[in-house]
Amino acid sequence: MVDVQLGKLWCASSDFKNLKMMKIELYDKIYDCVSKYALFDSRSCRSMLKEKFPEVPDCALGGIMSLYYQRQMKFTLNKKLSKINQLYTRYKNAVEAGERPGILLRMAQEIEVCPSLLARAILEKHFEAKDENGKEVSRSYISGLMKDANLIKNHVLSYEVYLCVLHDEEYGPISNAINHSIGVEYELKLQRLVRDLKIPFHDENHLRASGYDKTPDVKLEIPIAIDGFIVNWIESKASFGDEESHKGILKKQLLSYVNRFGSGMVIYWFGYVDRITQDNGKQIIIRNSFPADVILMNPKCIDPSVDEYNL
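Count along the sequence shown from 1, then add 71; that gives the number in our numbering.
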């Protein structure tokens with residue numbers, strides 16, 4: 072029996088009471104510890120981080136570890152899989168030699184590649200542009216095999232791919248499903264909190280139906296004020312926010328929201344580094360939870376002779 076404990080689940084069930092804005096010095100120490108640990112031995116790395124930084128919530132530790140792994144793959148994957156012919160030959164030789172199951176998992180750990188990414192590369196090499204019935208294959212066909220390894224007729228390769236998907240905490244169908252589920256969970260949590268305040272809003276589905284291509288998770292129909300800051304929209308991020316990731320989100324999403332809807336707020340539910348609050352000017356505020364000190368607009372306080380809202 073394979074023992075699997077996907078680390079991303081710790082983020083969904085973590086206690087956020089002690090979650091605070093993280094000083095850059097502490098973040099650097101955690102990131103450095105992850106970088107010196109055996110890459111993608113995530114379970115052992117997670118245990119080490121929890122022991123070394125007991126004051127930091129699990130969700131923040133997991134978020135930082137995930138950011139590091141993703142960046143390593145972004146910059147090294149093509150190089151590490153450039154010798155896929157040798158890797159495939161090595162895999163076939165191991166099968167012929169009768170090695171115990173988990174061949175691809177051990178190879179992935181040795182060359183420091185996420186198991187699902189190695190499994191996909193081996194699958195593509197195995198089919199060489201044709202399936203087991205002689206038909207040409209596509210990327211979507213390979214993706215289907217990754218989602219359901221039972222469709223792979225070679226039973227040894229089927230089980231090897233299954234193990235890689237099962238053990239991969241950063242990539243692959245299971246990890247993607249968990250990420251999506253956690254993201255939706257916090258979007259719904261945000262909507263519930265806004266709804267409890269009886270603030271009318273539109274979600275991203277409604278906005279897209281209205282023709283917007285880039286949409287925040289919540290667009291408030293009536294603005295709110297937080298610490299003297301006007302909030303027109305709110306974006307939910309079930310992740311940890313550091314400088315590099317926040318800059319990417321600013322460029323791809325948040326600045327377009329500002330251009331369309333005005334100032335707003337992003338919530339990093341798993342925490343963020345204090346330094347990212349320095350470059351947002353007066354257009355975006357950052358929080359790690361939904362603020363308690365929300366000021367709602369009181370229509371009774373609106374002076375009809377003045378074309379402004381009194382909050």
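Backbone N, C-alpha and C fix where the C-beta goes; we use that ideal spot for every residue, glycine too. Keep in mind that this is a model prediction, so the values were computed, not measured.
Quiz prompt | the stretch 155 to 174 / the stretch 208 to 219 touching (three or more Cβ pairs under 8 Å) | solution = A contact is defined here as three or more CB-CB pairs under 8 Å, and the stretch 155 to 174 fails this definition with respect to the stretch 208 to 219.
Quiz item: In this structure, does DSSP put Ile-223 in helix, strand or coil?
Solution: Coil at Ile-223, not helix or strand.
Quiz prompt | Extent of the continuous beta strand (DSSP E) to which Pro-294 belongs | solution = From DSSP, the beta strand (DSSP E) with Pro-294 extends over 289 to 297.
Exercise. Tell me, please, whether the stretch 334 to 345 touches the stretch 358 to 366 by the rule of three or more beta-carbon pairs shorter than 8 Å.
Key: In short, these stretches touch, since the Cβ pair count reaches three.
Quiz item: For Val-208, which three-state DSSP category applies?
Solution: The three-state secondary structure of Val-208, taken from DSSP, is coil.
Quiz item: Which whole-angstrom value describes the C-beta separation of Cys-185 and Ala-192, a residue pair presumed to lie in contact below a C-beta threshold of 8 Å?
Solution: In fact, because the Cβ distance is near 11 Å, the residues do not count as touching under 8 Å.
Quiz item: Are three or more beta carbon pairs between the stretch 238 to 246 and the stretch 293 to 307 nearer than 8 Å?
Solution: At 8 Å Cβ cutoff, the stretches do not touch.
Quiz item: Are Pro-244 and Val-236 close, meaning C-beta to C-beta below 9 Å?
Solution: Going by C-beta atoms, Pro-244 is nearer than 9 Å to Val-236.
Exercise. Would you mind stating whether Ala-190 and Met-217 have Cβ atoms separated by less than 9 Å?
Key: Closer than 9 Å, so yes.
Quiz prompt | Glu-170 versus Lys-107 - alpha carbon distance | solution = So the two alpha carbons sit approximately 30 Å from each other.
Quiz item: If you run the structure through DSSP and keep just helix, strand and coil, what is Met-92?
Solution: DSSP places Met-92 in coil when its eight states are reduced to three.
Quiz item: Between the C-alpha atoms of Asn-156 and Arg-142, what's the straight-line distance to the nearest angstrom?
Solution: Straight-line spacing of the CA atoms in Asn-156 and Arg-142 works out to 25 Å.
Self-check item: Burial state of Ala-309, where buried means 16 or more other Cβ atoms lie within 10 Å
Solution: Burial check for Ala-309: the Cβ neighbour count within 10 Å reaches 16 or more, so the residue is buried.
Practice problem: Return yes when the C-beta of Met-178 is under 8 Å from any heavy atom of the ligand NAD, and no when it is not. | Solution: Absence of the ligand NAD from the depicted structure is noted, as is the absence of any ligand whatsoever, leaving it without description.
Quiz item: Are the beta-carbon atoms of Arg-278 and Pro-271 separated by less than 9 Å?
Solution: The sequence as given places Leu at residue 278; Arg does not occur at that position. Cβ atoms of Leu-278 and Pro-271: not closer than 9 Å.
Quiz item: DSSP on Ile-366, reduced to helix/strand/coil?
Solution: In this structure, Ile-366 counts as strand in the three-state DSSP scheme.
Self-check item: Euclidean distance between Cα positions of Glu-183 and Lys-318
Solution: The straight-line gap from Cα to Cα measures roughly 27 Å.
Quiz item: Nearest CA to the CA of Asn-276: which residue from Asp-298, Leu-268, Gln-262, Lys-269?
Solution: Considering only alpha carbons, the answer is Gln-262.
Quiz item: What did DSSP end up calling Ala-131 once you bin it into helix, strand or coil?
Solution: Helix.
Practice problem: Can you say whether His-197 is buried or exposed, counting buried as having 16 or more other CB atoms within 10 angstroms of its CB? | Solution: It is buried - the Cβ of His-197 has at least 16 other Cβ atoms within 10 Å.
Exercise. Measure the beta-carbon distance from Val-105 to Met-136 and round it to whole angstroms, keeping in mind my assumption that it falls under 8 Å.
Key: Yes, they are in contact, since the Cβ atoms of Val-105 and Met-136 sit about 5 Å apart, within 8 Å.
Quiz item: With 16 other CB atoms within 10 Å as the buried threshold, where does Val-127 fall?
Solution: Val-127 is buried by the Cβ-count criterion.
Quiz item: When you compare only the Cα positions, how much space is there between Arg-331 and Ser-113?
Solution: Straight through space, the alpha carbons of Ser-113 and Arg-331 are spaced by roughly 40 Å.
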